[in-house]
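Which chain is which? The protein sequence lines are A and B, in order. The opening residue of the first sequence carries number -11 in our numbering; numbering runs sequentially from there. The opening residue of the second sequence carries number 135 in our numbering; numbering runs sequentially from there. Each residue gets a CB set at the ideal place from its N, CA and C atoms; glycine is no exception. The structure appears right after this line, and notes come after that.
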Amino acid sequence: MSTVRKATKKSSGLGQLMIPLVALGILVLFNLIRDPSFFSIEMATNNSGNQVLSGNLISIIDSASGLAIIAMGMTLVTAACGGQDISVGAVGAIAGAFFVKIANTDNGITGGSAILGFIVCVLGTIAFMMFNGTLVAVFKIQPMIATLILFSCGRSIAYWINGSATPQLTSPIIDALGKTIPGIPIPTPIFAVILMAILLALVFKFTNLRLYTQSVGINQGAARLNGINPTAIKLLSFVILGVCVAVAAVIGVSRLHQLNHKTLLVDIEMDAILAVAIGGNNLGGGKFRLLGSVLGAYIIQMLTTTLYSMSVAPVNVKAYKAIVIIIIVVAGSPVIKNKISMLITRIKAGKLQASAAKGVE
Amino acid sequence: MQNDAVLTMRGIDKQFPGTKALNKVDFTLRKGEIHALMGENGAGKSTLIKVLTGVHEKDGGSIWVEGVDGEAHIHSPQDAQNIGIATVYQEITLCPNLTVAENMFIGRTQGQRVHWKEYEKRATEILDNLGIPARAKQELSSCSLAVQQMVAIARAVDMNCKVLILDEPTSSLDDKEVEMLFGLMRDLKNRGVGIIFVTHFLEQVYEVSDRITVLRNGELVGEFAIEDLPQVELVAKMMGKDLNDLADLEQVGAKHEATGEVIYEAENLSSSESRAFDFNIHKGEVNGFTGLLGSGRSESVRAIFGADRVTGGKVKVKGQEVKISKPHEAMKAGIGYLPEDRKKDGIIADLSVRENIILAMQVMKGFFHPMSRSQMEAFADEYIKALSIKTASQETPVGSLSGGNQQKVILARWLLTHPDYLILDEPTRGIDVGTKLEIQKLVLKLANEENMSITFISSEIEEMLRTCSRLIVMRDRNIVGELTGDQLTQAQVMKTIAGGEQ
């Protein structure tokens, strides 16, 4: 009995992460075969004169930071509401605008103004996300439609907040946020991902967020009859997504040293949804694994970097990306999963029979 | 293969992860017979039917169907339909947002063009023919559950099937509708259709069936002609033991008139779904709401639990006035509620048995006080053992358990919260005799030994008479009588329901 339990635990533990892990493995292998030095990491001096680690691997993990953070929030919204927020890119532009508006004072950017700017940015983003959340949770509008509103007008709002300017930001603080902190050879955005992951892990450990979110996503009616407030849980998922978007926006602004409401986090909503899907999470809500979505984000970034390093023309990158993604998504589809699990049981049964036959002999 | 057989299944095997669902099961259906397929939950009835209808693929064995040369290969519901096997499932599998006619013809239109006008005409004819109170152009969701079920049967009947499978067709029908359905079944039988009838109502089996096949734990117990197998023996065969258990129940069933403290009291309580009513229950009392389907019994208990929007009334718990307008407040007041619709309101299907068991207790502990994993496992283990829930492990998704075991999981969920007052709405619907008895016994034990107050609702009057010391009778959404003591007889209950009291 105990062995049976262990076995099922093990399979359920890896089941969902199987596809993203395999995909990641294949990408790594492919790159190693193509160019054994692809993943080599070395110390280099960057533009600001800091000693930093550089190499494709660092650049992949660094570049995927914003996407990974937003994918975490997107996973929660997906799980609770059974739908996705397509306004994260546009709201990200608003978040960036809030940050720059407050942080960029007449005296330039100071530590104090940056902290205040970040706080305002988080609160402001949460407010906009609550707008989405209210439409979804209270007015029961389908998430894609509800978030279509900010998707359309979010970048205009970002534009108004900063009075039609695209301010350039030059400050060691911005360098530290977007690139590296002097003396630390690892890019700061990577720490941001780790920090957000730890934060969410702590939330999951010390609250019932996971159980409640999954219950609401699977069977809202039953969840309510067990005393859970589905509206509150859905709103909460949007609040958390708001925090994620705010962090990603600050990273994005700092990386480019400027606020451009047109390009900040542009098209990230589709990549975030894709990351959630590649991570094996059900886009219809219910059970979820944050780790899956984070892996999904890194897969997407590694794919892009790989294609660029193969000197694929930027125009063609999206097409090649699409092909790989079709393969990953189809491999993770219920039909293929079923076929594979049937194959595995058949092989196992065959082994059992073989060993039984041996026993008889 | 016998000559008069329309369907022969031999040595059917089916394996699910962790369980052998069917083990070399034989089944024969003859022309023009009604053949009851009996067994407890998890005995393999549903699996056998799903194999036959192509929902699951069999792992071994053979199927022959009249009119098909050689072995029949059924890989999908479409295959089954094509060779004349039609099914009406326990849960209605039609599309609620389509019309009745669309539901009857969807998936079997031929050719490029769809002649809805014609289909509507034909649907109307069939509905009239069978006396089903629905209009062809009516949206299915606007029909009662019973009528929806009958539309599903009408759809199957119209497909000129050789084999008609009725999986728990009567569980949501009232007596008159059941009679109507039986009339229809006999009619089809005379036309040579073989009918497989799956039900938990023993009386119904003996009313219409010609033959019974009994399964237990995925294995064939035997096939019997109806006259060779008295009801008592059937139950014994299904449970794999004799019926001393029933006698046990009579002993446990020392129902006592509860005179203790009033645990819960409602005055003029009303909700968006129920009319105002008064109600109370004493410590250690088992009472029940009875009445026909739709009489308002479920709506009344939902109002007590705050499951629907409460619109008025005064509620006292242990003498203290409290406000209960949502489930969470009811839970805090010590009330538990097992809902009528297990699938829709009860289980969180994708979550594990463990998570489903601890859910209510966890919610009561609060958002910021999650239980440790080992604590959850200990609780889940305790209740899986106490209620003998059949599951491969604690981590099995509850949705993959059989109906009776799902019900036990929800029961465990509420028992774990140690409520003062537990509401059980149809806890025994759609589950097997053995589990039914277990649940009845449990109800009496909780009341007698732990002084729990319980409101018990069941469509089976005998069951309520066996467990309840007070029955509240409802008709047309109003309370029309209250029966205690000597009045608790089937005849008196019927009379009160029918409106002939006094």
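Residue-level contact by beta carbon holds for residue 275 (chain A) and chain B, with a gap shorter than 8 Å. Taken in chain order, the complete alpha helix (DSSP H) segments of 4 residues or longer contained in the segment 134 to 216 of chain A are 160 to 166, 176 to 194, 197 to 206, 208 to 213.
For a Cβ distance threshold of 7 Å, residue set 496, 501, 504 of chain B lies close to residue 196 (chain A), ordered along the chain. Listed along the chain, the chain B residues whose CB falls inside 7 Å of the CB of residue 202 (chain A) are 485. When the five nearest sequence neighbours on each side are left out, the beta carbons in the same chain lying within less than 7 Å of the beta carbon of residue 401 (chain B) are those of 412, 447, 448, in order along the chain. Residue-level contact check: residue 207 (chain B) does not touch chain A, since none of the beta carbons of chain A fall below 8 Å from its beta carbon. DSSP places residue 148 (chain B) outside any alpha helix (DSSP H); the residue lies instead in the beta strand (DSSP E), whose first and last residues are 139 to 150. For residue 628 (chain B), the enclosing alpha helix (DSSP H) begins and ends at 624 to 632. Within the same chain, 61, 64 come within 7 Å of residue 228 (chain A) by CB-CB distance, once the 5 residues on both sides are set aside. For residue 31 (chain A), there is no enclosing alpha helix (DSSP H); the residue is part of the beta strand (DSSP E) that begins and ends at 30 to 33. Separation of residue 438 (chain B) and residue 458 (chain B) (C-alpha to C-alpha, rounded to the nearest whole angstrom) is 8 Å. When Cβ-Cβ separations below 8 Å define contact, residue 479 (chain B) makes contact with chain A. Within the same chain, 64, 65, 68 come within 6 Å of residue 225 (chain A) by CB-CB distance, once the 5 residues on both sides are set aside. CA-to-CA, the gap between residue 200 (chain B) and residue 186 (chain B) works out to about 14 Å. Under DSSP, no beta-bridge partner is assigned to residue 326 (chain A). Residues 48, 51, 52, 55 of the same chain have their beta carbon placed closer than 7 Å to that of residue 289 (chain A), with the five preceding and five following residues left out of the count.
Residues of chain A whose Cβ lies closer than 8 Å to the Cβ of residue 625 (chain B) do not exist; the shortest such Cβ separation is about 36 Å. Restricting attention to beta strand (DSSP E) runs no shorter than 3 residues, the segment 156 to 233 of chain B encloses them at 168 to 172, 194 to 199, 219 to 222, ordered along the chain.
Excluding the 5 residues flanking it on each side, residue 464 (chain B) has same chain C-beta neighbours closer than 6 Å at 439, 440, 458, in chain order.
Inclusion of residue 91 (chain A) and residue 82 (chain A) in the CB contact set at 8 Å is not warranted, their separation being larger than that value. For residue 216 (chain A), a Cβ of chain B is located within less than 8 Å of the residue's own Cβ.
Against chain A, the CB of residue 471 (chain B) has a partner CB under 8 Å away; the residue lies at that interface. Counting along the chain, the unbroken beta strand (DSSP E) around residue 424 (chain B) starts and ends at 420 to 424. Assigned with DSSP and collapsed to three states, residue 120 (chain A) falls in helix. The C-beta of residue 561 (chain B) has 16 or more other C-beta atoms within 10 Å across all chains shown, which makes the residue buried. Annotation for residue 270 (chain A): no beta strand (DSSP E) segment contains it, and DSSP assigns it neither H nor E. Contact of residue 209 (chain A) with chain B by beta-carbon distance below 8 Å involves 478, 479. Here the alpha carbon of residue 522 (chain B) sits roughly 35 Å from the alpha carbon of residue 620 (chain B). A residue is called buried when at least 16 other Cβ atoms come within 10 angstroms of its Cβ; residue 217 (chain A) meets this threshold and is buried. Chain B places no beta carbon closer than 8 Å to that of residue 228 (chain A), leaving this residue out of the contacts. Pairwise C-beta distances place the segment 272 to 292 of chain B in contact with the segment 218 to 236 of chain B, as three or more of them are shorter than 8 Å. Residue burial is scored here from C-beta neighbours: residue 192 (chain B) has at least 16 other C-beta atoms within 10 angstroms and is therefore classed as buried. If you draw a straight line from the Cα of residue 176 (chain B) to the Cα of residue 293 (chain A), it is about 53 Å long. About 12 Å separates the beta carbons of residue 192 (chain A) and residue 502 (chain B), which is beyond the 8 Å limit, so they are not a contact pair. Shown here for residue 588 (chain B): same chain residues with a beta carbon closer than 6 Å to its own, the five before and five after excluded, namely 420, 556, 577, 581 in chain order.
By the Cβ-count criterion, residue 318 (chain A) is exposed, with fewer than 16 other Cβ atoms from all chains shown falling within 10 Å of its own Cβ.
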